[in-house]
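Have a look at the structure below, then the notes.
Protein chains: 2
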Amino acid sequence: MTAKEIEIDTSTLNGKADEEDIVTPWNVATKNETGIDYDKLIKRFGSSKIDEELLARFEKITGQKPHHFLRRGIFFSHRDMNTILNLYEQGKPFYLYTGRGPSSDSIHLGHLIPFMFCKWLQEVFRVPLVIQLTDDEKAIWKNIKIEDAIKLAYNNAKDIIALGFKPENTFIFSNLEHIGNNPAFYQNMIRIQRSVTFNQVKGIFGFGDSDPIGKISFPPTQAAPAISGTFPFIFKDAKVNCLIPCAIDQDPYFRMTRDVAPKIGYPKPALLHSIFFPALQGSKTKMSASDNNTAIFLTDTAKQIKNKINKHAFSGGQATIEEHRQLGGNCDIDISYQWLRFFLEDDEKLEQLRKGYISGEILTGELKKELIEVLQPLVAAHQEARNKLTDEIVKQYMIPRDLGFVANIK
Amino acid sequence: MTAKEIEIDTSTLNGKADEEDIVTPWNVATKNETGIDYDKLIKRFGSSKIDEELLARFEKITGQKPHHFLRRGIFFSHRDMNTILNLYEQGKPFYLYTGRGPSSDSIHLGHLIPFMFCKWLQEVFRVPLVIQLTDDEKAIWKNIKIEDAIKLAYNNAKDIIALGFKPENTFIFSNLEHIGNNPAFYQNMIRIQRSVTFNQVKGIFGFGDSDPIGKISFPPTQAAPAISGTFPFIFKDAKVNCLIPCAIDQDPYFRMTRDVAPKIGYPKPALLHSIFFPALQGSKTKMSASDNNTAIFLTDTAKQIKNKINKHAFSGGQATIEEHRQLGGNCDIDISYQWLRFFLEDDEKLEQLRKGYISGEILTGELKKELIEVLQPLVAAHQEARNKLTDEIVKQYMIPRDLGFVANIK
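Chains as they are written, first to last, in the working numbering: chain A, 483 to 892; chain B, 483 to 892.
Have a look at this one:
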């Protein structure tokens with residue numbers, strides 16, 4: 483898994499129609515100035531929109547107000563979420579699975595989205611969560627040393643744990659380390675590998691004949707954790723439903739998984755898909771490790787956060803104050819507003835800012851100030867929590883172990 | 483690894499020239515009535531013939547008369563065997579690696595050849611041996627249950643151990659069980675997978691777009707044990723040369739391995755290639771589990787052995803005794819003679835039989851009698867040795883452990 487950001491692509495990929503957005507686990511690109519057309523993507527991928535009805539049902543069954551990521555369409559698409567709600571209603575168990583391709587530099591704010599959401603889901607549903615760190619994927623795609631890839635996984639695990647996950651119900655693992663310590667994992671990789679043809683992965687992922695076979699072999703490795711039998715130390719021999727929150731670029735893996743799971747005797751995993759987190763320069767720019775002004779990293783100081791936002795956050799405002807007061811700003815492209823949608827929890831405040839901005843009452847600088855005030859304490863708190871984590875604590879989460887899972891929680 | 487037998491193929495494969503023998507790990511076929519043309523195969527594969535000079539050097543350096551498999555051209559081809567002899571001469575270590583695709587029925591005599599040879603090599607060179615049981619390959623190609631494939635591996639391990647291997651220097655493993663218990667193994671699979679493209683495995687193994695990705699992913703799994711770093715519990719961090727005795731149909735795997743090994747910092751493995759073991763009905767027939775009269779199984783009784791040979795062993799003799807006395811028999815196609823070359827250790831006796839047979843002095847029935855007298859005690863001894871092996875003893879060989887290997891044996 484690798485969190486993806488959007489870039490404007492000027493070429494076509496795999497003979498796809500010029501006007502179609504490109505969304506694969508390794509490439510997200512659009513020719514559309516306003517970014518990816520998510521409604522079109524839902525149609526193309528065959529997923530379902532997270533609509534008011536689903537949110538109402540969610541609230542009714544869980545007794546919890548849906549997370550602002552749900553209310554604001556940040557998690558906007560799903561597969562079989564009603565099946566998960568049915569299970570919960572019936573007192574039957576499920577588990578959460580998400581992951582991340584460990585990055586060679588610091589984690590940035592966008593990388594936190596699926597994890598922040600998982601943490602909330604875990605609190606609402608009180609279910610186990612497994613987190614796969616695909617350091618093997620990184621070693622294959624980026625050709626970095628195996629040892630270095632594992633170090634990245636541990637480093638990224640610290641940032642994930644800092645969000646407040648509990649070792650009681652969270653298992654985090656590095657593929658390069660864990661697969662060689664869990665025979666059930668390799669056995670499920672084989673079960674999946676033998677059920678998928680090269681033609682299928684070619685169609686799903688766009689692999690070609692000159693790709694290393696490591697790439698072709700990888701999708702089953704990301705699929706396996708969606709099969710509860712992969713973790714006998716957690717689920718014993720129970721066939722437990724799985725819910726995967728992830729950015730929508732990861733959907734191809736799980737379309738494949740949903741195709742295979744019933745063939746090997748397991749339920750299809752359900753999914754919750756998020757939109758992409760935009761770069762500071764706007765949704766046309768790709769967040770990039772080589773240009774660290776495109777993102778706020780979790781290692782940034784309060785001052786860096788302030789400077790980056792003030793200097794680089796793309797503005798949806800007008801050229802002059804006068805014009806802005808007269809015409810108002812554009813929230814759809816203003817990055818400060820867009821980021822506030824992700825991180826400002828207070829609905830009322832957000833709506834006030836939105837109205838003020840589009841009416842011209844509020845200036846871009848004021849939105850930036852709001853965003854800085856939200857992010858500075860958020861990042862500082864993260865750093866504080868992370869600093870408290872020793873390697874010993876991280877290891878606790880990464881040991882295969884019983885999470886006290888009971889197949890029938892009724 | 484799967485021991486292969488020869489069949490006459492009436493079609494062409496992958497657009498290969500009509501007159502060319504087909505030798506891949508999954509298909510061995512020839513249009514040639516006298517069987518595979520091994521000299522041509524050496525040229526096509528780019529290996530080297532095991533010639534008198536190499537055998538003389540072998541004898542000089544080891545102080546041992548070469549095994550009759552070597553003297554009689556049963557192991558007929560090699561790659562870099564001189565490098566291995568150089569190492570031995572310099573007091574430097576190497577290790578042996580061979581394997582087997584566990585079969586769903588009893589092991590037959592032909593399956594024993596590489597193992598009998600490994601045992602002898604191990605005694606001559608006093609080196610560790612690792613034996614891979616590719617139950618994952620079996621699970622992928624034959625679509626059998628993972629659990630059943632592992633059982634076959636254990637069952638076949640018993641037959642291998644019955645040949646007299648010692649737990650002190652022999653490690654036997656099931657892929658489905660071991661890869662999930664050895665992180666270094668999976669990590670080396672990734673190192674190999676990222677160094678080989680689909681185009682390459684397509685060229686080497688003839689995989690196609692409609693093959694399951696399990697097949698495409700498999701070659702690195704058979705390659706990994708030729709890299710000493712795959713077994714840190716045996717070799718620590720030493721980069722130890724590897725010698726692989728195997729039937730020549732397995733060469734494609736190791737051509738690939740020899741290409742990759744230097745890229746990941748290891749020496750190219752050396753190889754010793756054997757010819758194929760012919761079916762009772764002659765080298766035109768494929769030994770088949772569905773027709774158990776094509777082979778002598780290790781579970782056959784003395785009576786079954788006698789009956790099978792008398793009834794089915796293809797004869798190189800003439801139609802009548804008179805004609806035979808006059809024209810003599812053909813040792814090249816007489817299966818009793820061919821099998822005696824594998825199993826009758828006494829050179830003088832074999833030569834006497836050969837001369838007698840081609841001169842017409844000895845009849846097919848007499849060759850059959852000789853063969854029966856060689857095989858009945860051989861199979862009985864095997865059964866006796868096998869019956870003494872408990873599951874506990876087998877497990878001893880299959881536990882990852884230190885084999886007392888010392889990197890510098892000088």
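All C-beta atoms in this analysis are idealised placements derived from N, C-alpha and C, irrespective of residue type, glycine included.
Residue state for Pro727(A) is assigned as strand, using DSSP reduced to three classes. Here Glu535(A) is exposed. Its C-beta has fewer than 16 other C-beta atoms within 10 Å.
Counting the other Cβ atoms within 10 Å of the Cβ of Asn651(B) gives 16 or more, which makes it buried. Taken in chain order, the members of the segment 659 to 680 of chain B whose beta-carbon sits within less than 9 Å of a beta-carbon on chain A are Glu659, His660, Ile661, Gly662, Asn663, Asn664, Pro665, Ala666, Phe667, Tyr668, Gln669, Asn670, Met671, Ile672, Arg673, Ile674, Gln675, Arg676, Ser677, Val678, Thr679, Phe680.
Assignment of beta-bridge partners to Leu754(A) by DSSP yields His560(A), Pro727(A).
When DSSP states are grouped into helix, strand and coil, Arg582(B) belongs to the strand group. Neighbours of Ser692(A) across chain B, judged by C-beta separation under 8 Å: Thr679, Phe680, Asn681. Following the DSSP letters along the chain, one finds Ala511(B) inside the beta strand (DSSP E) bounded by residues 509 to 512.
Residue state for Phe796(A) is assigned as coil, using DSSP reduced to three classes. In this structure, the CA atom of Lys633(B) is about 55 Å from the CA atom of Thr767(A).
Against chain B, the CB of Lys697(A) has a partner CB under 9 Å away; the residue lies at that interface. Between Ile686(B) and chain A, the shortest Cβ-Cβ separation is not below 9 Å. The alpha-carbon of Ser699(A) is positioned some 12 Å away from that of Thr703(B).
Going by beta carbons, His755(B) and His560(B) fall inside the 9 Å limit. Looking at Thr506(A), Ala752(A), Gly685(A), the one whose alpha-carbon comes closest to that of Arg740(A) is Ala752(A). In this chain, the beta strand (DSSP E) harbouring Ser656(A) covers 652 to 656. For Gln614(A), the enclosing beta strand (DSSP E) starts and ends at 611 to 615.
Contact between Gln763(A) and His794(A) holds, since their C-beta atoms are separated by about 6 Å, short of 8 Å. Here Lys531(A) carries a strand assignment [DSSP, helix/strand/coil].
According to the DSSP secondary-structure assignment, Ala761(B) is paired through a beta bridge with Gly764(B).
Among the residues of chain A, none has a CB under 9 Å from the CB of Asp503(B); the nearest is roughly 27 Å distant.
Boundaries of the alpha helix (DSSP H) harbouring Ile674(B): 665 to 675, taken from the DSSP string.
Between the alpha carbons of Ile674(A) and Asn625(B) lies a gap of roughly 11 Å. By the beta-carbon neighbour count (other beta carbons within 10 angstroms, threshold 16), Asn869(B) is exposed. Legend: CB atoms of the segment 611 to 631 of chain A lying less than 7 Å from CB atoms of chain B belong to residues Asp618, Ala621, Ile622, Asn625, Ile628. Given a length threshold of 3 residues, the segment 675 to 700 of chain A has no whole run of the beta strand (DSSP E) inside it. DSSP, read as helix, strand or coil, puts His590(B) in strand.
Buried is the label assigned to Pro610(B), since at least 16 other Cβ atoms lie within 10 Å of its Cβ.
Contact between Phe796(B) and Ile778(B) fails: their C-beta atoms lie close to 14 Å from each other, not under 8 Å. By DSSP's assignment, Ile881(B) forms no beta bridge with any residue. When DSSP reads this structure, Phe779(B) sits in a beta bridge with His590(B). One thing to note: Gln614(B) has its Cβ no nearer than 9 Å to the Cβ of Phe647(B). When C-beta atoms of the segment 856 to 876 of chain B are compared with those of the segment 830 to 837 of chain B, fewer than three pairs fall below 8 Å, so the two segments do not count as touching.
Ranked by Cα distance from Ile757(A), the options Ile532(A), Lys513(A), Glu502(A) are led by Ile532(A). Secondary structure note for Ile504(A): it is in no alpha helix (DSSP H), and the uninterrupted beta strand (DSSP E) holding it is 504 to 506.
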